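When we follow the numbering used here, the leftmost residue of the sequence shown carries the number 2, and every step to the right adds one.
Input: a single structure, listed below in structure tokens.
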Amino acid sequence: MHDCLRIPELIASIATHLDQPSLAALARLCKVTQEPALDALYTEIWRLQDLLCGLDDDLWDLTDKGRTVLRNIEEAQPHVAVQLAGQQCDSLLDLNLSCLDGYSHDSTAEQLAVAFSQLKNVKSIRFFDSCMGSRVGWVPAFACAPSLRTLNLAVACVSHVVENPCALSSTSHFSIDTFYTPYSLAGLIQTLSEALLPEKVTSIQLSVGLPHLGTPRGPRDGISFADIRGLLTFTKLKKLIISSDVAPLLSDAHMEELSTALPLLRTFQYSWSPALHRDNRTAEHGGYEIQHWWAGERHGDVVTLAGLAALVSNCPDLVSVALIVDARQIENASPRDIKVKAGSGSRVTNLCLWCSQANDAEYAGACLKAMFPQLVKFTTPASPWTCQSVWKSVKIGLLTKSS
């Protein structure tokens with residue numbers, strides 16, 4: 002039976018005649034009898050359930066949830082399992098392709114394209130592949146799903162996208178979690194600006210890390226704001242999240258340009274790693290010491306409170322912001338000028354100033370309170386140790402309701 006599961010026609014036949022309750026009942030019978038002769042059959046039944054998208058209640062409730070998980074499908078060509086998922090549930094909306102790096106077979110680009118084109122109602126696809134680009138033919142096939150709106154990729158490298166440019170014309174929500182090598186963040190953004198329709202996209206989330214966490218790499222690696230300017234063509238964006246070790250630094254001028262181009266933003270998170278250096282005092286607690294970076298040359302490419310005020314002023318619908326900011330008084334204007342630039346105050350309820358610098362709690366608190374009158378949550382993770390007491394005082398002042 003194990004070898005027979007490699008035959009697509011047999012799998013399709015089994016799927017037609019054995020429904021979810023039948024498979025579950027047969028599996029329970031094998032388990033209850035505990036007869037050695039049935040051990041192999043019991044194993045194969047559960048293997049078949051994995052193959053047929055996890056027919057047990059915990060993984061696949063087609064009637065109620067309209068979603069499925071394809072996993073452990075090493076015994077069949079992947080496109081067959083994809084086709085079965087569509088055939089078994091006309092109302093399938095959410096397809097999670099996980100753990101695809103365990104199978105020995107792969108389908109051709111044409112087979113995958115046909116399979117995904119038959120998923121008429123699927124609106125969301127999540128694709129996980131840790132095999133350093135071995136499944137690069139899959140992303141163009143996703144574009145064949147006629148109703149696709151959300152595409153989430155968790156892949157080993159951006160070659161899945163960069164080496165296989167395709168027209169994701171129906172996609173409005175795109176996210177990718179990948180590593181930097183062998184292509185740059187700039188290359189990925191250039192590809193996305195060509196593959197997606199800017200007038201349709203409302204959400205972009207890019208998480209691009211280094212292949213080795215211990216690799217020292219500073220913010221000045223030849224990547225500039227010009228390399229990511231392609232994102233500014235997505236003028237309908239409501240959510241933009243960039244988390245990358247190699248993302249370029251932003252200045253106040255960049256923030257002004259970005260917020261002017263993307264006025265509909267509701268969520269904006271932008272983080273980069275400023276040449277993080279682990280020292281003995283903080284390493285044992287999992288922390289990082291970045292004081293040396295702030296003490297060094299800034300090159301003018303760090304957002305100050307003025308840049309934050311520009312973001313607030315140009316994006317009136319913002320509710321969540323995460324950014325690295327220099328809030329030291331010597332680098333900023335007066336609280337009154339900051340308040341004037343920010344306008345009447347924002348709707349932001351969640352503010353995260355990661356790795357940010359401050360030296361005067363009263364000053365920073367006054368500026369932030371003027372910009373964020375509706376703040377509910379305020380965090381300053383990974384801040385320099387010399388600033389932690391300052392930020393603690395700022396937080397108390399911001400979140401304490403006046404009587």
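Just so you know, even glycine gets a beta-carbon here, dropped at the ideal spot from N, CA and C.
This one's a predicted model, so the numbers in the text were calculated from it and none came from an experiment.
Among the candidates LYS240, ASN333 and ARG337, whose CA atom is the shortest distance from the CA of ALA323? LYS240
Distance between VAL349 and THR401 (C-alpha atoms, nearest Å): 16 Å
In the structure shown, what three-state DSSP assignment does PRO183 receive? The pLDDT assigned to PRO183 is 41, lower than 50, so where the model puts this residue is not dependable; a value taken from the coordinates is nonetheless given after this. Correct three-state label for PRO183: coil.
According to DSSP, residues forming a beta bridge with ASN351: SER321 and LYS378
Can you grab the Cα-Cα spacing for the pair GLN206 / GLU332, in whole Å? 30 Å
Quick one, which of SER390, THR234, LEU152 and PRO385 has its alpha-carbon nearest ILE190's? THR234
Between the alpha carbons of ALA142 and ALA114, how many angstroms are there, rounded? 4 Å
With DSSP collapsed to three states, give me the class of LEU241. strand
Have a look at the DSSP bridge pairing and note the partners of HIS174. THR151 and SER204
Residue nearest to VAL377 in terms of C-alpha spacing, selected from LYS340, SER347, GLN270 and ALA383: SER347
Could you compute how far the alpha carbon of CYS316 sits from the alpha carbon of SER345? 12 Å
Looking at the secondary structure, which residues open and close the beta strand (DSSP E) in which ILE126 lies? 125-130
If you run the structure through DSSP and keep just helix, strand and coil, what is GLN270? strand
Since GLY188 contacts ASP246 with CB under 8 Å, what's their CB separation in whole angstroms? Rounded, the Cβ-Cβ distance is 15 Å, inconsistent with contact.
Determine whether the beta carbon atoms of GLN330 and ASP361 lie at a separation below 8 Å. yes
Under three-state DSSP, which class holds ASN97? strand
Under the three-state DSSP convention, the category GLN119 falls into: coil
With a threshold of 6 Å on Cβ separation, who are the neighbours of CYS263 within its own chain once the five nearest residues in sequence on each side are excluded? In the sequence as displayed, the identity of residue 263 is Leu instead of Cys. Closer than 6 Å at Cβ, skipping near neighbours: LEU238.
Could you tell me whether the Cβ atoms of SER244 and LEU198 are closer together than 8 Å? no
Using the Cα positions of ALA365 and SER260, report the straight-line distance between them to the nearest angstrom. 22 Å
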